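When you line the sequence shown up against this note's numbering, it's residues 134 to 309, in that order.
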Amino acid sequence: MVQWYLRDYLDLDVLTVTGRTLGDNLEMLHQSGFFTRNHGYLNNYKVSPEEVIRKPENATKKGSIAVLKGNIAPEGAVIKYAACAPDMHHHTGPARVFNSEEDAQQAIIHNHIEPGDVIFIRYEGAKGSGAPEMLMTTDAIVYDKRLGRKSRIDYRRSFLWSDQRAMCRTRLARSR
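If you want it as structure tokens, here you go:
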């Protein structure tokens, strides 16, 4: 449905895994009634399709994600900033880099992290089909009266803004 709404902005001539073009596939789905059949499912729950997926002409002013770039993530990173407090949308601060969650947690517990520090934990984050929970480290920040919501934490591929739990997929520069 999203691709159908965005078709005017897409390259409809690209080939897909079906061996047909994206445009052909979308047209086939439209002609088969696929999109309207799924509206019936939403109607069972008294939900209109526009409540789930907005058409471009009715889009909100701001999306819920942002693409970040910088010296630590030169290939970019994506953050779900809609889940962050507005004061966290822009931040500049010293980077504190750790090679394990345990090292970062010890630095937090022993007051080696200052409010505003950005904590990077390498070699952690999503691997395969899942990502380990960084609850002990994030909780150490959240419940620290000095740090609270004033510090940021990033691990190898997943990014957490303290207690806001806003996920961000990053591609950090490889350290040698």
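Virtual Cβ for every residue (Gly too), placed ideally from N, Cα, C.
Since this is a predicted model, take the numbers as computed values, not measurements.
Residue environment, residue i, which counts as buried when at least 16 other CB atoms sit within 10 Å
i, result
"A237", "buried"
"D274", "For the record, residue 274 in the displayed sequence is Ile; it is not Asp. Answer is buried; the Cβ neighbour count reaches 16."
"T169", "exposed"
"E184", "exposed"
"I241", "buried"
Option in the options with minimal Cα separation from residue i
i, options, result
"R140", "G152, V150, T149, E160", "E160"
"M269", "G173, G196, P219, Q239", "Q239"
"Q136", "K278, V150, S197, P189", "P189"
"E235", "D220, N176, D272, V150", "D272"
Rounded separation between residue i and residue j - CA only
i, j, result
"L148", "L162", "16 Å"
"I252", "V230", "6 Å"
"K202", "E208", "7 Å"
"E257", "R187", "35 Å"
"G226", "K179", "47 Å"
"I212", "R255", "18 Å"
"R279", "T193", "36 Å"
"H224", "I246", "16 Å"
"G370", "Y138", "Nothing can be reported for residue 370, as the shown portion of the chain is limited to 134 through 309."
"H243", "G156", "58 Å"
"N204", "A228", "11 Å"
"Q164", "V200", "35 Å"
"D277", "S233", "20 Å"
"V150", "N158", "10 Å"
"M267", "G152", "42 Å"
"F292", "P248", "Because F292 carries a pLDDT of 39, less than 50, the predicted location of this residue cannot be relied on, and the following value inherits that uncertainty. Approximately 17 Å between the Cα atoms of the pair."
"G166", "H172", "10 Å"
"N176", "N191", "20 Å"
"P219", "D250", "18 Å"
DSSP beta-bridge partners of residue i
i, result
"A228", "V251"
"T154", "L148"
Sub-8 Å separation of residue i and residue j beta-carbons
i, j, result
"Y214", "I198", "yes"
"T154", "L143", "no"
"M221", "P182", "no"
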